[in-house]
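Residue 256, in our numbering, is where the sequence shown stops; the numbers in between run on with no holes.
Note that beta-carbon positions come from the ideal geometry of N, C-alpha and C, so glycine has one too.
First the structure, in the form of structure tokens, and then the observations on it.
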Amino acid sequence: MPTDDDRRAELGAFLRSSRERLGRADFGLPPAGRGRTVGLRREEVSYLSGVSVTWYTWLEQGRDINPSRQVLDALSHTLRLGVPEHRYVLSLAGFAPLPARSAGDVEPPPPHLQRFLDAIGDNPAYALTAEWGIAGWNEAYQRLYPNVASTAATERNLLWVVFTDPAVRNLLGDWQLTSQRFLAEFRAEIGSRLGDPAILDLVARLSEASADFRAGWERHDIHGFESRERVFHHPEFGTVRYEHHQLRPSDQPEFQLVVYTRA
């Protein structure tokens, strides 16, 4: 069983590792010694977080100190930690984790990500949360799938609409293949979070709502994402073909952006 010393050492090592992975240009900072473009100095992290450099240094060294939750929240923001990483930092310091989200808690993406989606123009694009909630989309995606704008937030989840919305079943040219491929990709992504309440809630609701989901979930298929051609049978536009791409913003890695470009 890990001791307090072990947890402090792990917290220090995690903070240091996170700091050393940051791109300096992302913070408007020039290259460091010998043209180094990756990694912030301790002084820079402490300044950006409003934490004394001595206090931050002691944290990285695993000293026997008790940082406040406010300090850890500020450092997590500066280090651009995702929700799972932020929870990890809090747990190492002995704080209660962040409130668990349900799969229905779909908040809009940051404004700059929505502007990026809009700038993609005529190529359908949308943003997914870590639980595959559809958080944002552009007009081209809404033209492809109009129901996205009218679906309740609690059901605006990619897996939920794929397995329960008849309009999506008709829209997808290869629904059986695509639905199971999505499910295998989802399972590959959330393997370390299978016990999260948000994931358990989503899986339970889908298992009850869809026999196809339930059968696929019980097969335990795993598949990593690969760009591929997608075929849609749209009631207005006819058959359209796109190439399916996935991106992760470096400053908001908890979101994945899906973009369809004309094949």
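Host alpha helix (DSSP H) of residue i (start-end)
i, result
"H105", "104 to 112"
"Q135", "132 to 137"
"T47", "46 to 53"
"A177", "168 to 182"
"A2", "-3 to 14"
Reference residue i; option with closest CA among the options
i, options, result
"A177", "R198, F218, A145", "F218"
"V99", "L85, L121, V38, I113", "L121"
"E132", "G126, N140, S243", "N140"
"Q173", "R207, L195, P159, E201", "R207"
"Y235", "L187, A142, Y134", "Y134"
"A18", "R12, R9, V31, S11", "V31"
"D(-1)", "S61, L74, E53", "E53"
"R223", "A256, A146, A145", "A256"
"H226", "R162, Y119, L15", "R162"
Under the three-state DSSP convention, the category residue i falls into
i, result
"R149", "coil"
"T232", "strand"
"T30", "coil"
"G209", "helix"
"L240", "strand"
"G75", "coil"
"A86", "coil"
"V99", "coil"
"A120", "strand"
Alpha-carbon to alpha-carbon, residue j and residue i
i, j, result
"Q63", "W51", "17 Å"
"V154", "R108", "24 Å"
"A160", "F179", "21 Å"
"V252", "L170", "19 Å"
"A2", "P(-5)", "10 Å"
"F165", "L187", "Reading off the sequence, residue 165 comes out as Leu, not Phe. Those two C-alpha atoms are separated by around 28 Å."
"R12", "S39", "11 Å"
"W168", "P103", "31 Å"
"R136", "G126", "19 Å"
CB contact check: residue i to chain C, cutoff 8 Å
i, result
"D244", "No chain C appears in this structure, which consists of one protein chain only."
N- and C-terminal bounds of the beta strand (DSSP E) containing residue i
i, result
"V261", "Limits of the chain in this structure are -6 at one end and 256 at the other, which puts residue 261 out of reach."
"R223", "221 to 227"
Touching by the beta-carbon criterion (3+ pairs, under 8 Å), the region 197 to 213 and the region 236 to 254: no
The region -3 to 10 / the region 73 to 88 touching (three or more Cβ pairs under 8 Å): yes
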